[in-house]
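To keep things clear, I will list the structure first and then write my remarks on it.
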Amino acid sequence: MEPGRDQESTCGVPFPGAPLPRERWTRTRVGLGDPGTPLDWVALFGRDAPRVLDLGCGNGRFLVASALRRPTMDHLGIDLVPPAVRFASLRAGQRGLAHCKFAWGDASEVVTARCAPSSVDEIHLYHPQPYYDADRRERRQLTPEVLLAVHRALRPGGLFVVQTDNPAYARYARTVLPALFSVTERPGAWPDAPHGRTLREIVARRKGLQIVRLEARRADLDADEAARRAAALPAPDFDANRARYGAGRRRPRA
Ligand SMILES: C[S@@+](CC[C@H](N)C(=O)[O-])C[C@H]1O[C@@H](n2cnc3c(N)ncnc32)[C@H](O)[C@@H]1O
């Protein structure tokens, strides 16, 4: 467990919201079915509302806070690690949320194979695992294929947020996102979460690491042009080890 972290707080920053009496808890864990099964948001949430998807949601901190703040939007978080999904879904359920759900699975498969075109309003990717070993680089979440799938899944003008504290990952994201999105960089903390939107953001800031926050608006491109641009992008085969970037040096918190 990270220093300063207990079940309900990270480095002293409490998990968003508060548990309700048990009779008001909700079930927020969902199954996605077999690979390739289309994501049916209306069936999952029982309504047709704007949609937020978190790829690699970890303990669900961002998604639960967003759902508490934006009750008119449906929120779905996906993670590969079952304990993270259990933690997140329990916290959302204890808060009585019906519009925030979590599923175990491969978020890359979900976005590339299950999301209908123009079906999602926001997609978030916070602190994707850098994968330092060369033989695990193919597991990286941000790839040209995923970028193209995110572009396809988002509605016109939809938002893709990518955030990382890894300098090489940030450099890759800055290189590839502009091919399909209009990108702005947020220089400081999120106004809705001044201590950090996610567990990893809070921990990285505590360590003095530089956080890169990219807000990317879907460019208005037809499917053929988007595919052509994505095909020209480099694969994420960068070396994520910090030593190459002179890291180890602590920078001011961002
Ligand atoms: C460094 S953690 C960040 C978690 C959270 N987004 C945060 O910022 O605190 C990376 C997360 O991505 C998840 N992950 C990695 N690859 C994934 C994939 N293909 N699909 C879903 N989750 C994935 C990991 O299980 C882990 O929870």
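In short: position in the sequence shown from 1, add 485, done, that's my numbering.
Even glycine gets a Cβ: it sits at the ideal position worked out from N, Cα and C.
Spatial neighbours of residue i in its chain, beta-carbon cut-off 6 Å, leaving aside the 5 residues before and after
i: residue 734; result: Residue placement at residue 734 is poorly supported in this model, since its pLDDT is 46, which falls under 50; the coordinates are not used for a value here.
i: residue 697; result: 649 and 655
i: residue 527; result: 533
i: residue 726; result: 617
i: residue 609; result: 539 and 646
Residue i and residue j closer than 9 Å at C-beta
i: residue 586; j: residue 530; result: yes
For residue j and residue i, the rounded distance between their alpha carbons
i: residue 580; j: residue 511; result: 8 Å
i: residue 657; j: residue 721; result: 7 Å
i: residue 709; j: residue 613; result: 28 Å
i: residue 577; j: residue 513; result: 7 Å
i: residue 584; j: residue 626; result: 25 Å
i: residue 651; j: residue 508; result: 42 Å
i: residue 538; j: residue 524; result: 11 Å
i: residue 594; j: residue 521; result: 8 Å
i: residue 555; j: residue 629; result: 30 Å
i: residue 647; j: residue 505; result: 32 Å
i: residue 715; j: residue 503; result: 42 Å
i: residue 637; j: residue 664; result: 13 Å
Local conformation of residue i per DSSP, three classes
i: residue 636; result: helix
i: residue 575; result: helix
i: residue 687; result: helix
i: residue 530; result: helix
i: residue 617; result: coil
i: residue 499; result: strand
i: residue 698; result: strand
i: residue 725; result: coil
i: residue 703; result: strand
i: residue 622; result: helix
i: residue 649; result: strand
Residue i, buried or exposed, once every other Cβ within 10 Å from all chains shown has been counted against 16
i: residue 740; result: Limits of the chain in this structure are 486 at one end and 739 at the other, which puts residue 740 out of reach.
i: residue 717; result: exposed
i: residue 551; result: buried
i: residue 566; result: exposed
i: residue 592; result: buried
i: residue 643; result: buried
Other residues of its chain near residue i: CB distance less than 8 Å, five sequence neighbours each side excluded
i: residue 712; result: 633
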